[in-house]
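2 protein chains.
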Amino acid sequence: MSYGKGWLAYHKIKTEKNDSRQISIQKLCSFLTVRAKGKIIDTAVEEYRTAAEQILGITVTVNERGSSVSKQPAVPGVIFELTEKAPDLKKDGFRIFFAENQLFLSANTESGLLYAVFELARRMMDGIYLPDLDITTNPAMNLRMINHWDNMDGSIERGYSGNSFFFKEGQILHSDRIHAYVRLMASIGINAIVINNVNVHERESYLITDKYLDSLKKYADVFAAYGIQLYICVNFAASIDIGSLPTADPLSGDVISWWQDTVRHIYDIVPELGGFVVKADSEGRPGPFTYGRTQADGANMLGRALKPYGGLLIWRCFVYNCGQDWRDRKTDRAKASYDYFKDLDGSFEENVILQIKNGPMDFQIREPVSPLFGGLKNTNSILEVQIAGEYTGQQKDVCYLVPMWKEILEFETYAFSDKDKSSTVRDIVSGNAFRNINCGMAGVTNTGNDYNWTGNDLAAVNLYGYGRLCFCPDMTAEQIAREWITMTLSSDSQVMNTVTNILMHSRSTYEKYTVPLGIGWMVTPHSHYGPDVDGYEYDKWGTYHRADRNGLGVDRTKKGTGFTAQYNEPNASMYNNMDTCPEELLLFFHRVRYDKVLKTGKTLIQHIYDTHFEGVEEVKNMRKEWAALENKIPEDVFRRVGERFEMQMQNAVEWRDRINTYFYRMSGAKDEKGRKIY
Amino acid sequence: MSYGKGWLAYHKIKTEKNDSRQISIQKLCSFLTVRAKGKIIDTAVEEYRTAAEQILGITVTVNERGSSVSKQPAVPGVIFELTEKAPDLKKDGFRIFFAENQLFLSANTESGLLYAVFELARRMMDGIYLPDLDITTNPAMNLRMINHWDNMDGSIERGYSGNSFFFKEGQILHSDRIHAYVRLMASIGINAIVINNVNVHERESYLITDKYLDSLKKYADVFAAYGIQLYICVNFAASIDIGSLPTADPLSGDVISWWQDTVRHIYDIVPELGGFVVKADSEGRPGPFTYGRTQADGANMLGRALKPYGGLLIWRCFVYNCGQDWRDRKTDRAKASYDYFKDLDGSFEENVILQIKNGPMDFQIREPVSPLFGGLKNTNSILEVQIAGEYTGQQKDVCYLVPMWKEILEFETYAFSDKDKSSTVRDIVSGNAFRNINCGMAGVTNTGNDYNWTGNDLAAVNLYGYGRLCFCPDMTAEQIAREWITMTLSSDSQVMNTVTNILMHSRSTYEKYTVPLGIGWMVTPHSHYGPDVDGYEYDKWGTYHRADRNGLGVDRTKKGTGFTAQYNEPNASMYNNMDTCPEELLLFFHRVRYDKVLKTGKTLIQHIYDTHFEGVEEVKNMRKEWAALENKIPEDVFRRVGERFEMQMQNAVEWRDRINTYFYRMSGAKDEKGRKIY
């Protein structure tokens, strides 16, 4: 299938405003001196040439490639250099600055230089006068990872943008599109990509066998040229399913040997491999619990097998009882990860990393931050977020997620007894809090083989923003949005303001017309799109709202399930008390009567009605604002996004009416404003 | 796959009690004189031989096959004769009687003789002294039809007994099992079998082409030897989908010609074909509405094409808006069939038959009878029931349906202005009311390629009972059950009493733990097994309960949707008035408050609680009663049914708890008996 270039669809910009300056940008950028060698440097040169030619309309001459002669050439130009001198530069960071008629791009790694080139391209697109630049940027996170939930049959679990571009009918695909994709990822700083679903089915179990290793090697090479490591998800029970062993017990000598041999063979063929990701003992996947072993036993066994090759073992913490009885009010799924992993803190190998979902449930539109982040102090961890909007509109409804991720990153966990010492999630996963190296973020991607990669063209901002946020969490959500709009749509001020406005309000709008105050779920079973208030209420997944004629919400205080106690103080007390609990999370932590008066002065039930009416009105407005952009942005994007707004409108109306009707039937409370509730 | 013999698993019985009589049964039955010729007569002789040999343990000598010599042979024996003299015999009826040392089986059709043989076998199994017999039986219905919802990929829509034994991977299967199945069907009087699903998908559309006609001819021959006509479901849009026409407009000359040519060709190859069944304009199937034509236009066009060959066209009345908006309280799915078909009364060809589901909705555990039966007076109709328990336990839960079908057959429609003239549904579909010939019953079967044919061994009684009821609606449900138990399990009195007891209570039990008082649905979407109170409440299917904190039920009175007015008086008034409406249908016709006091003196909510607790207790008792039959019935049946009772137990508990919890949350009413409601 054909595909667009996403945010790398550079176009020529006007540079008149530089005419009065001493140095012509065109002239400056036409001469490139490269004082380094390497495969990624070659990539950086090619990317520089592409950007300069397409954005500035010039032809680039590359001087003295790889040599380090005369330090100050006479003509103005651009210089790539690898340096270990710059004290402000960390691994993969870069500096861009102008000195003595030369624009320097400096880094201490090849990847750093490549990132500098993509940054320069963004500045070019923004029309910045390059000699004014002096920026030093270091990536905040060491691991900036993308998780694909692609299956080898070509389907994508929770994929809303077509099928996989990695796999089809059991085969690994090799096409131009892989290269185009890797460029996109490198341009936003991604350095690790897991190509297959964490649910490793039968066929995918064979990815670690000779059947596929040569193909993986090709991927690893394409990825490596852009500074990206290939990762794969493996089946914890592979020693049974593809080995000849009767067990997958991680303490069995045979199992240990089998994995050692298997990993050695994999690295013989694919030495670039970054490592494995494992979902074990979760939603039906096999794991160490089967053998009475701990999660650490399982993770460490695999970690040790990977260690000789520098490989990482990433172990997901999404472990909970998915066979819960809805009648059981003591078991609380929200508590599961903490309960399973907290006591194992400090018992994991250095190359083992726990991958923790942002919230204690599962990627809802509003959840508190997982208390496990503030609980683990001697364990490497990764923050997992979902770029694919499984519960946040599925790339039909626009829902810009960067503001949510920023909230999560800035959440103070109070992990230190000295409460003045910062231990935000960002501090933890960037290694600042506990000095970890093996940490960072993982994003479950929203890509597929649709022409525009992400179903809704506007959903690309989540993918773009995810990468930018991993690299530069200091950027505001709005800065990221504006950067993406410039790169993708237009820098026209009406476009910029309209789209920024739509994006910045989109999460709040989505939240308004869907589930109220952090209660979550209420979605159609299986598909997870559209409303079904009781859809999971009597099911086995631990996802209950417990609404009755008097009120709703789950009591997770100390008098309830006790979940609040998993937080460090003062968070524990804050959540435990209905008066101090942030209102947007009220129903997550508390059981609340419909007639409870909220801080707004409205009753809970009136809040539910009002937000649902408002949400629909806001979608109407968004749709209208978008319609006004005709002829200001590419026609195909205008049309596709317009179609998505129609879908969103339908979805919002359905949510409004079903939620309002459900709670009207339950509560009997009339809408104060007398609006139509069915 | 292997298969059992069902109720034709004859076994040798003891005949000691006949020893004192003058004529030995063994001796009498050893000599058979056949005074008729024909393929079905040959079948009858073989079936007689099989029955006599297996039940009585004798070897049968067949005398003078086909000749009609000496009318009174000297030795005692059995005589088959075709006669037109007996005034009490109607088409396919038979008489069995003893005269002058001879046991006569007389009929005026070959099929009648075959049915007499199977009747004789039942009497043998029951240990009856045959010379005491003098019975005349005429089938009450002319069409005694089985509908298979088998797809050519081998799946069965709403099949709970394995896959199809007719189709696999697009091919028509020919195996011994087809013959075994046809025997079973003939033994209970079935004379028409539709082999494919009424939802005719792409592949099945080609059944009427040369690709499959030779295979159909083989089926037709196997069926014909047992007096059964083969029917197929066709795609109304076949002129487009497999023809070369741009339309399926039933008034288009091209379409009419296409069907005439197609039908002629089919009958050239398969002259035995009974005709077509069509589901049109229903749940996404194409139909005459597409072209602005009536249902009669569509049906008559096909009927005329079939007429020259004696074929029948059976047109389903399951036409309703399946894209309803749950917000819309005016549209009432219950009204649809009547609204679409009532005014067409008298406009159908003589060989066109309307197939009407028993209730106005869709095979729920409790529905009123479709008012269309009392509305059509000049139209052939068939009563459609579902043997497969889509909404009645899916052959996991035991649910004997004959009592329900008897209620439906005995329902007085008051179709005549002379209210003393009987116009029960039975009168209508047996032709007594309006002198129709082309009428009868159709049962959506519950068979598949499971060893025991019907998933639950006890579910076979529904298939057996369906056939027996079509033939002999005078039989009570208990008589039918006892007959089946004798044929299948044992005539031991404990077995007889226990199983009869289980079967006779099973529908009431199922109703108790599932949906209350005729409201219907509340099932898991798609699968239709297990509870989900709101599962279809906000969906497009027109299946709503409208429960809120005060009450539930749909007002279908004249003040509500007006459905009650579709009945003739005095039914219309009876249903319209909450006080005279039969209580088991209360919520189907009325919206009722939880605190309404029912005739039992209980409130509605207490009735809901009580019946749900009772239902579970009754399942427990059934399970216990069944367990006491160990060693009294075949071990494999004992084990399989025992497993089904475990499933039923789980299902009943889940229904009890979810229904009770849902209505407790809604109503806030405490259980008077203080039992656990979650």
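In the order they appear, the protein sequences are chains A and B.
Residue 489 in my numbering sits at position 489 of the first sequence, and the numbers go up by one each step.
To get my numbering, take the position in the second sequence, counting from 1, and add 1000.
All C-beta atoms in this analysis are idealised placements derived from N, C-alpha and C, irrespective of residue type, glycine included.
Bear in mind that the values here come from a model prediction, so they are computed numbers and not experimental data.
Give me the DSSP bridge partner(s) of residue i.
| i | result |
| --- | --- |
| E412 (chain A) | A:T424 |
| V592 (chain A) | A:L552 |
| F1276 (chain B) | B:I1232 and B:L1313 |
| S1106 (chain B) | B:E1081 and B:R1095 |
| D150 (chain A) | A:I156 |
| S381 (chain A) | A:L354 |
| N63 (chain A) | A:T33 |
| Q54 (chain A) | Partner(s): none; Q54 (chain A) has no beta bridge. |
Considering only the beta carbon of each residue, do residue i and residue j sit closer than 7 Å?
| i | j | result |
| --- | --- | --- |
| A1225 (chain B) | P1286 (chain B) | no |
| I485 (chain A) | M475 (chain A) | no |
| I1058 (chain B) | Y1010 (chain B) | no |
| W655 (chain A) | T514 (chain A) | yes |
| I356 (chain A) | Y466 (chain A) | no |
| A36 (chain A) | L114 (chain A) | no |
| N1446 (chain B) | L1463 (chain B) | yes |
| Y451 (chain A) | S2 (chain A) | yes |
| S239 (chain A) | V263 (chain A) | no |
| A192 (chain A) | Y160 (chain A) | no |
| V319 (chain A) | Y338 (chain A) | no |
| G1542 (chain B) | Q1324 (chain B) | yes |
| G1687 (chain B) | A1669 (chain B) | Residue 1687 (chain B) is absent from the model: chain B starts at 1001 and stops at 1678. |
If you reduce the DSSP assignment to three classes, tell me which class residue i lands in.
| i | result |
| --- | --- |
| A1481 (chain B) | helix |
| M441 (chain A) | strand |
| V182 (chain A) | helix |
| K335 (chain A) | helix |
| D1418 (chain B) | coil |
| I1266 (chain B) | helix |
| I208 (chain A) | helix |
| E1614 (chain B) | helix |
| F165 (chain A) | coil |
| K540 (chain A) | coil |
| A1192 (chain B) | strand |
| F31 (chain A) | strand |
| V45 (chain A) | helix |
| P531 (chain A) | strand |
| L89 (chain A) | coil |
| Q648 (chain A) | helix |
| V1198 (chain B) | coil |
| M145 (chain A) | strand |
Q: Taking a Cβ distance cut-off of 8 Å, strictly less, list which residues of the stretch 308 to 323 of chain A are near chain B, in chain order.
A: Hits within the stretch: zero.
Q. In the stretch 324 to 358 of chain A, which residues sit with their C-beta less than 7 Å from some C-beta in chain B, listed in chain order?
A. If the cut-off is 7 Å between Cβ atoms, the stretch 324 to 358 of chain A has R327 near chain B.
Q: Check whether the stretch 194 to 206 of chain A touches the stretch 245 to 256 of chain A, counting contact only when three or more Cβ pairs, one atom from each stretch, lie closer than 8 Å.
A: Contact between the stretch 194 to 206 of chain A and the stretch 245 to 256 of chain A is absent, because fewer than three Cβ pairs lie under 8 Å.
Q) Closer than 9 Å, Cβ to any Cβ of chain B: which residues of the stretch 644 to 670 of chain A, in chain order? A) Result list: E654, D657, R658, T661, Y662, Y664, R665, M666, S667 and G668.
Q) Is it true that the stretch 1489 to 1507 of chain B meets the stretch 1435 to 1442 of chain B, where meeting means three or more beta-carbon pairs spaced less than 8 Å apart? A) Touching, no, given that fewer than three Cβ pairs across the two stretches are closer than 8 Å.
(Q) Does the structure place the stretch 1139 to 1156 of chain B close enough to the stretch 1504 to 1513 of chain B that three or more beta carbon pairs sit under 8 Å? (A) Below 8 Å, too few C-beta pairs join the stretch 1504 to 1513 of chain B and the stretch 1139 to 1156 of chain B to call them touching: fewer than three.
Q. The stretch 548 to 567 of chain A: which residues have C-beta closer than 8 Å to a C-beta of chain B, in chain order?
A. Under the 8 Å Cβ criterion, the stretch 548 to 567 of chain A contributes D548, R549 and N550.
Q. Between the stretch 1087 to 1098 of chain B and the stretch 1108 to 1124 of chain B, are three or more C-beta pairs nearer than 8 Å?
A. The stretch 1087 to 1098 of chain B, when compared against the stretch 1108 to 1124 of chain B, does touch it at the 8 Å Cβ threshold.
Q. Below 8 Å, can you find three or more Cβ-Cβ pairs linking the stretch 612 to 630 of chain A to the stretch 424 to 441 of chain A?
A. Pairwise C-beta distances place the stretch 612 to 630 of chain A out of contact with the stretch 424 to 441 of chain A, as fewer than three of them are shorter than 8 Å.
(Q) Does the stretch 581 to 588 of chain A come into contact with the stretch 627 to 634 of chain A, if we say contact requires no fewer than three beta-carbon pairs (one atom in each stretch) closer than 8 Å? (A) No contact exists between the stretch 581 to 588 of chain A and the stretch 627 to 634 of chain A.
Q) Does the stretch 1384 to 1398 of chain B come within contact of the stretch 1521 to 1539 of chain B, defined as at least 3 CB pairs closer than 8 Å? A) Yes: the two stretches touch, three or more of their Cβ pairs being nearer than 8 Å.
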